[in-house]
Structures are given as C-alpha cells and as structure tokens.
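*Asks:*
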Amino acid sequence: MDYIISIIPQMLMGTVDTLRLFFITIVLAIPLGILLAFCRVSSFSLLRNVVAAYVYVLRGTPLMLQLLFVYFGLPFIPVIGVRLDDFPAAVLAFALNYGAYFCEIFRAGIQAIPKGQYEAAKTLGMNYVQTMRRIILPQVFKIILPPVSNETITLVKDTSLIYVLAMNDLLRTTRNLVQRDFNIMPFVVAGVFYLVMTLILTYGFNKLEKHFARWD
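For the sequence shown, the residue numbers in the numbering used here are 81 to 296.
#1: Return the first residue and the last residue of the alpha helix (DSSP H) that Ser-229 is part of.
#2: I'd like the list of long-range same chain contacts for Val-131, defined as Cβ closer than 6 Å, with 5 residues on each side in sequence excluded.
#3: Where Leu-223 and Leu-101 are concerned, what is the direct C-alpha to C-alpha distance, given to the nearest angstrom?
#4: Could you tell me whether the segment 187-207 touches the segment 265-282, where touching means 3 or more Cβ pairs closer than 8 Å?
#5: Would you mind working out which of Phe-167, Leu-164, Met-212, Phe-174 sits nearest Arg-187, comparing C-alpha positions?
#6: Go through the segment 154-197 residue by residue and report every complete run of the alpha helix (DSSP H) that reaches 4 residues or more, in order.
#7: So, do the segment 276-288 and the segment 220-240 have three or more beta carbon pairs nearer to each other than 8 Å?
#8: Taking Met-144 and Val-220 to be in contact with their CB atoms under 8 Å, please state how far apart those CB atoms are, rounded to whole angstroms.
#9: Report the rounded CA-to-CA distance for Leu-158 versus Arg-255, giving the unit in angstroms.
#10: Mapping DSSP to helix, strand and coil, what is Ser-122?
#11: Anyone know if the C-beta pair for Leu-147 and Ala-173 falls short of 8 Å?
#12: Just the C-alpha distance for Leu-241 and Gln-197, rounded to the nearest angstrom, thanks.
#13: For my contact list, Gly-94 and Arg-252 are in at a C-beta cut-off of 8 Å; report their separation, rounded to the angstrom.
#14: Quick one: using the 10 Å Cβ neighbour count with 16 as the cut-off for buried, is Tyr-181 buried or exposed?
#15: Within the same chain, show all residues whose beta-carbon is closer than 6 Å to that of Glu-289, passing over the 5 residues directly before and after it, in chain order.
#16: Going by C-alpha to C-alpha distance, which of Gly-113, Ile-216, Ala-175 sits closest to Phe-103?
#17: Tell me which residues share the same chain as Met-91 and place their Cβ nearer than 8 Å to its Cβ, disregarding the 5 neighbours each side in the sequence.
#18: Taking only the alpha-carbon atoms, compute the straight-line gap between Ala-169 and Ile-114 and give it to the nearest angstrom.
#19: Since Ile-185 and Pro-227 are thought to touch, with beta carbons under 8 Å apart, how far apart are those beta carbons, to the nearest angstrom?
#20: In the DSSP assignment, find the alpha helix (DSSP H) that holds Ala-246 and state where it starts and stops.
#21: Classify Met-336: buried if its beta carbon has 16 or more other beta carbons within 10 angstroms, exposed otherwise.
#22: Would you identify the three-state DSSP class for Ile-264, choosing helix, strand or coil?
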C-alpha cells in the first residue's frame, strides 16, 4: 500500500498530458466534425466528394500511423516541410482523426431528420440557418448523444498512443515505473486511472441522455 501511495503523485503528473490531449482534441474535433458534416450534406458535389475522401482516409487508416506520419512525415513534404513538437503533432493527428469520426456521427444525425421537417420550416418562412438552429439541430443532438459518448470514451483510451512519441503521458510514466521498480502495480493503478476517467464521462453522458429524454 505504501508503494502505491508513493507512485500516485508521479502517475498524476503523467495524467496531465493525457487530459490535456483529451480536452484539446474534443475542443478542436467536435467543431471540425460539425463543419465537415455540413459539407457532407451540401448540395455541392465537389465539396461532398472531397470531404468524403478525407473521412474515408482518416477512418480507414490506423490512428497510430497518422500520428507517426504527422510527427515524422510532415518535415519531408516539400510544400509543408514543418516539424512539429511532440504535443502539437499529437493534437493535430488526434483532431483530424476524431474530426472525421464526429463528422460521420453528425452527418448521420442530420440525415435522420425527416425531409418533411425541412419543408415545413421553409413553409413557415425560415431560412437554412434558422431551420438548422431551431428545428433540426435540437433533434440531432438527442440522436447523436450516444455515439458521441462512445467516441469520447474511446478517445480517453486512445490517448495512450502518444506513448510512441516518447511523451510522458500516463502510459509512459507507468511503464517507466514498472521498469525502474520491477513491480507491476503501476499497471494496476494506471488501469484504475483510466477506469475513473471513463466512469466520469459515462456518468456525465448518462445524465445528459436522461435530461434530453424528458423532451420525448
């Protein structure tokens, strides 16, 4: 027990990078996903196809590969030639990847609304923005909440991938402690840390779902 207490401060320090990446990714990926979703349902075929290709590539390749490409590959692209530090590279890769996943969630939510509601709003004299804000998006939010919840919880676990960039996140800190002390207890403590984070998110999303269920 004394050993566990002694390693908790170090593991909490490792959790800082994990949480930073999580929150920044959410702040960037959700707006990106919303923007891309509107492009996916746009009447402009070129825009739809470009975004569809983006989503296909980002969802069809491993996040770790994308992470390594952003960190190691960008400097070798002639037009870009930029080398990012480990944390900005992780943020960029995660935001682009999760933006693609959120895009498909939001697109599915928008397309789940019957077309008759768009026509009814138009009959009432609403423009596109008013229709989206007052009629469509409130309904979409209830539809997308469960898949957004799943994707957000997955993001917590995926943050462990930044281990490959030698960042001192929770997983790397845990492995360093195991190698230093020849003790597997840091793995157990790390598992508890991840479970606590996912439990908090699950509780929060469950409360939101119950709140919006009252409107049905």
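Using N, Cα and C, we set each Cβ at its ideal position, and we do this for glycine too.
*Replies:* Quick look at the numbers:
#1: 217-238
#2: Leu-116, Cys-119, Arg-120
#3: Note that residue 223 is Ile in the sequence shown, not Leu. Cα-Cα distance, rounded: 26 Å.
#4: no
#5: The residue with the shortest Cα to Cα distance from Arg-187 is Met-212.
#6: 166-191
#7: yes
#8: That belief does not hold up - the Cβ atoms of Met-144 and Val-220 are roughly 31 Å apart, past 8 Å.
#9: A small correction: the amino acid at residue 158 is Pro; Leu does not occupy that position in the sequence shown. Taking the straight line from one Cα to the other gives about 37 Å.
#10: coil
#11: yes
#12: 43 Å
#13: 7 Å
#14: buried
#15: Leu-225
#16: Comparing alpha-carbon positions, the option among Gly-113, Ile-216, Ala-175 lying closest to Phe-103 turns out to be Ala-175.
#17: Residues Leu-250, Thr-253, Thr-254, Leu-257, Pro-266, Val-269, Ala-270, Phe-273 of the same chain have their beta carbon placed closer than 8 Å to that of Met-91, with the five preceding and five following residues left out of the count.
#18: Each residue's alpha carbon lies about 22 Å from the other.
#19: 5 Å
#20: Segment: none, Ala-246 is in no alpha helix (DSSP H) and carries neither H nor E.
#21: Because the chain in this structure spans residues 81 to 296, residue 336 falls outside the shown range and cannot be described.
#22: coil
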